[in-house]
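Protein sequences, first through last, are from chains A and B. Residue numbers for the first sequence follow my numbering, so the first one is 86 and each next one is one higher. Residue numbers for the second sequence follow my numbering, so the first one is 5 and each next one is one higher. Virtual Cβ for every residue (Gly too), placed ideally from N, Cα, C. Keep in mind the model is a prediction, meaning the values are calculated, not measured. To start, the structure under review is shown below, and the notes come after it.
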Amino acid sequence: MPDNVVVFGGTSYVGQRTVKALVDAGYHVDAVVRRPSIARILLGDLGDQIGLVSADAIERAPGRGARAVVNLAYARDAAAYEAYRQTRNLIRKVQEAARASRGERIIHISTQAVFGYNFERRPAPAEVHWWPAADPYVETKVYAEQLLAKASRHGGYDLAIVRLGNVIGPAAPNWVASLAQRMLDGKAVGYESRLGYANATYVDNVASYVCELVRRPPADLNEFGVYHHLAEFSAHSWREILDCIAGAVGNRYVLVDRGEDGGGSPAASIARAMLASLYRGRAGGYARAVMERVDPRRGAVGQAVLRLSDLKRTARLAPPELGPSDAQICSILSAQVRFESHTLPGWHPPVSFDEARTAIADWLTSAGYALDAAGARWAEPPTNRSPLAPHLSCVDGATTS
Amino acid sequence: MRLLYDVVGCGAVVQQSHAPVLRQLAREGAIGIHACLDLDVEVARTTARLLGAARYGRPDDVPPAGEVGAAIIATPPESHTHAAHKYLRSGKHVFIEKPLAVSLAEARELIELSRECNGKLVANQFRRFFPSVLTARRFVASGGLGRVSKVVASEGARWSWPSSSEYVTRSPYGGVIYDTGSHLLDMVLFILSLDGQGAQPTWTLRKVTRWPGEEPSHECFASMVLSLPTGGDVELELRLSRREPLPCAVRIFGECGQVLVIPTVPQQAPTLYVGGEAFTLRAVTGASQPVDALGCFFLAHQEFRKAIKAPSYFSLIDAPRFLVLVALLDALTHTEADRAHA
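This is how it looks when you write it as structure tokens:
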């Protein structure tokens, strides 16, 4: 079999680690990117060891045979009304790349979010039917899985869909850096007494698993089935990860009382479902055209859409003191159901939970998240006799709990 | 009186941030847009339609018309001086996108020209209007921290935003230092009140590490010492990245404690760490406060109009406030090694 692998989304956080693991394993990687000049910035020296192919030129992509096409890309910058069209285009390009390179295997990286951000039942490694989540990210992730699964049933390539848990690791943008930033900001990271399962996977373990999928013979994959779940640290609690981050940052984290869940009115639910279907498929074309006539600037249309969905989300999720994004994060960190790993027999994650936590803490320190320990040197909190007394009128009470 | 503007450079910052403000001001009858000018005529035409401008074209094809009172210059930094020059020489007021200029010599030349021609010149360092930044500045100026000894400022995110031009990867002024760095450095200088008209601080660069080693660079770690005109030194550490999610934080260390300002969230009150306790600092003010960057753009335009009406008014974004900033940006992007190489 050829030793080439085509990777879409190789400049993302997980993508970069995956490309590096593939290169280290001896594969030649062709990364399909939107902007090669920006890819060179993100990939650094790694960019010199691989081929960079512009997504616009994928039809003329490397003609040499590829062992697999790995897709980590998704329509991340798309406005809500464009997300479906962009997802269709992306999946078409992935399939074209497989054809052009005679790749016999597509490995598609998906997410546990295809089950929603807060699932109530243990997710099964099986096909998910499209549902109106009123969230372009969730809906288009489901949509991409469906497009690939449907085409693979007609033959042409083997398909592995890998749904990832919450990706942690050094510099992980969502579940490490952003949580550390929230601790610096004094923003809530979860609900009091309700920190749930981490449902996490470590970035280098993801890269290792993708390499394993590329390496294994077709019979192994066919026997296992299409759907893989990767969350080797799902049994650990978010508290263990938050404690690790807080220890490195040197700040306590804020937990808030869980407010009453509004649940959303029936009218809001109906509107949410309508909104979700409005931008999907051919039927959405007329609605999109009407909205585009409202204002020729695309940004304004996207904003209008987001404003509507924000309203719905607020009605559904937010306790009074939290904004929609705060509430979403707190909700994910409250997961009471595990997203369990379902991976190929014989593969073992190379990085343990303790090693992962150490690497994360080291990175947080080196990246400058640690509040200077010197802060503790100032022995005297402000009192009426302290030098800060003239300023106490603008000192407003402790924010951390 | 209704003031007519030319908009020179119609890229993302104009379309996303200036346009809503300009449209609002136009609706109020305070301003009108005369022409939208861009090297890409199609972009100029679209922007002209959006802003209700009668004319559009390439910047050098449309000279400043007599009825035009002011220009918004939102071209790449290296062409700020060229674009501003012709408007100032024609006696127009000029509002330049950040940074004011790419060298101290150019900045001084523009300021001198604006004085000679009685044109107002401001630069849109809009983060100065963040309530958090204003509060921190007042707190530090009133001695709340005691003597300030050190500042650590960092901001970084892995590149994920769309970019429609190659400017950020090709122009020597498209790197992270002139982009995020100009905001972050300006916030530091502003919070420390090092932006006045009197004596200016001097500095010594201790170490500057950039990736790649030439401009445009996309990561920068710099350490320097600012020597204050009032005596005393402040250590400054600056970290910028387009490749890694760095903490978005400006930390000011003083005798009495540490103040933390989040440089990307206007309404996030600064936190004071003292004696192992954390406090939020809230300024008591009756003035309207911006909730986001767009609100800051609105205040910047208000300041510009106020400065035009009252020429003696030294606004928060008056050009002379940015001489230290321009010189520091120049120093960071043209280190001794660069100069030797050149």
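Contacts around residue i, its chain only, beta-carbon distance under 8 Å, and the 5 residues preceding and following it disregarded
i, result
"V328 (chain B)", "L193, L198, D199, Q204, P205"
"Q101 (chain A)", "G95, L127, L128, L131"
"G299 (chain B)", "F133, P270, Q293"
"A39 (chain B)", "D10, V11, A52, A57, A58, R59, Y60, G61, V66, A69, V72"
"P258 (chain A)", "Y98"
"R286 (chain B)", "T139, A273"
"S21 (chain B)", "A297, L298, F301"
"G310 (chain A)", "P210"
Residues that residue i bridges to, as DSSP identifies them
i, result
"F93 (chain A)", "A:V117, A:N156"
"Q4 (chain B)", "Look at the range of chain B in this structure, 5 to 346, and you will see that residue 4 (chain B) is not part of it."
"W207 (chain B)", "B:L230"
"H433 (chain A)", "DSSP output for H433 (chain A) lists no bridge partner at all."
"F318 (chain A)", "A:A285"
"E224 (chain A)", "DSSP output for E224 (chain A) lists no bridge partner at all."
"E241 (chain B)", "B:V156, B:S227"
"T196 (chain A)", "A:L249"
From the options, residue whose alpha carbon lies closest to that of residue i
i, options, result
"I414 (chain A)", "A:F424, A:A452, A:V341", "A:V341"
"S97 (chain A)", "B:N128, B:L149, B:E248", "B:E248"
"V72 (chain B)", "B:C252, B:P80, B:A57", "B:A57"
"Y169 (chain A)", "A:A183, A:Q134, A:W215, A:V138", "A:W215"
"E317 (chain A)", "A:W448, A:V334, A:L249, A:P303", "A:L249"
"L41 (chain B)", "B:P67, B:G217, B:A30", "B:P67"
"G178 (chain B)", "B:K124, B:H305, B:S83", "B:S83"
"L336 (chain B)", "B:C224, B:S245, B:R309", "B:C224"
"V155 (chain B)", "B:A140, B:A161, B:T234", "B:A140"
"A145 (chain B)", "B:I256, B:G15, B:I266, B:G279", "B:I256"
"T339 (chain B)", "B:F308, B:E46, B:E219", "B:E219"
"L8 (chain B)", "B:E32, B:S164, B:G36", "B:G36"
"L175 (chain A)", "A:W323, A:V92, A:R207, A:Q197", "A:V92"
"V25 (chain B)", "B:L55, B:V45, B:P176", "B:L55"
"I445 (chain A)", "A:P121, A:A265, A:P210", "A:A265"
"H187 (chain B)", "B:E46, B:S158, B:H89", "B:S158"
"D115 (chain A)", "A:A106, A:I123, A:E181, A:A151", "A:A151"
"E32 (chain B)", "B:V18, B:M5, B:T284", "B:M5"
"G160 (chain B)", "B:T284, B:I181, B:Y317, B:G280", "B:I181"
"A256 (chain A)", "B:L250, B:E116, B:S136, B:Q201", "B:L250"
Close beta carbons around residue i, own chain, < 6 Å, minus the five adjacent residues each side
i, result
"S227 (chain B)", "R210, K211, E241"
"G384 (chain A)", "Any reading at G384 (chain A) needs caution, since the residue's pLDDT is 34, under 50, leaving its predicted position unreliable; the model's value is listed next. Hits under 6 Å: none found."
"T450 (chain A)", "A333"
"D237 (chain B)", "V229, S231"
"T172 (chain A)", "A160, T225, Y228, A229"
"V199 (chain A)", "V213, K226, V227"
"L117 (chain B)", "L92"
"D190 (chain B)", "Q129, L329"
Cα-Cα separation between residue i and residue j, rounded to whole angstroms
i, j, result
"V261 (chain A)", "I253 (chain A)", "6 Å"
"E425 (chain A)", "A320 (chain A)", "8 Å"
"A420 (chain A)", "A283 (chain A)", "7 Å"
"L276 (chain B)", "M268 (chain A)", "14 Å"
"V11 (chain B)", "R27 (chain B)", "13 Å"
"A273 (chain A)", "L196 (chain B)", "30 Å"
"E120 (chain B)", "D65 (chain B)", "26 Å"
"P315 (chain B)", "L92 (chain B)", "15 Å"
"V104 (chain A)", "A140 (chain A)", "17 Å"
"L429 (chain A)", "H313 (chain A)", "8 Å"
"V90 (chain A)", "Y112 (chain A)", "7 Å"
"L332 (chain B)", "L244 (chain B)", "15 Å"
"P103 (chain B)", "H86 (chain B)", "14 Å"
"A356 (chain A)", "K235 (chain A)", "With a pLDDT of 46 at A356 (chain A), under the threshold of 50, the modelled position of that residue is not reliable, and the figure given next carries that caveat. C-alpha separation (whole angstroms): 29 Å."
"V339 (chain A)", "T443 (chain A)", "22 Å"
"V118 (chain A)", "T173 (chain B)", "15 Å"
"R246 (chain B)", "H222 (chain B)", "5 Å"
Beta-carbon contacts of residue i that lie in its chain and below 7 Å, excluding the five residues immediately before and after
i, result
"G201 (chain A)", "A218, V223"
"T208 (chain B)", "M228, V229"
"F3 (chain B)", "Outside the displayed range of chain B (5 to 346) lies residue 3 (chain B), so it cannot be described from this structure."
"A110 (chain A)", "C296"
"L418 (chain A)", "V274, G275, L280, G281, W323"
"H97 (chain B)", "G73, A74, G123, K124, I312"
"C329 (chain A)", "R442, I445, A446"
Using 8 Å as the Cβ pair cut-off and three pairs as the minimum, do the segment 424-441 of chain A and the segment 286-297 of chain A touch?
-> yes
Evaluate contact between the segment 236-253 of chain A and the segment 179-195 of chain A, counting only Cβ atoms and requiring at least three cross-stretch pairs below 8 Å.
-> yes
Flag this pair as touching only if the segment 105-125 of chain B and the segment 315-327 of chain B have three or more C-beta atom pairs under 8 Å; answer yes or no.
-> yes
Three or more C-beta pairs below 8 Å linking the segment 145-158 of chain B and the segment 254-274 of chain B | yes
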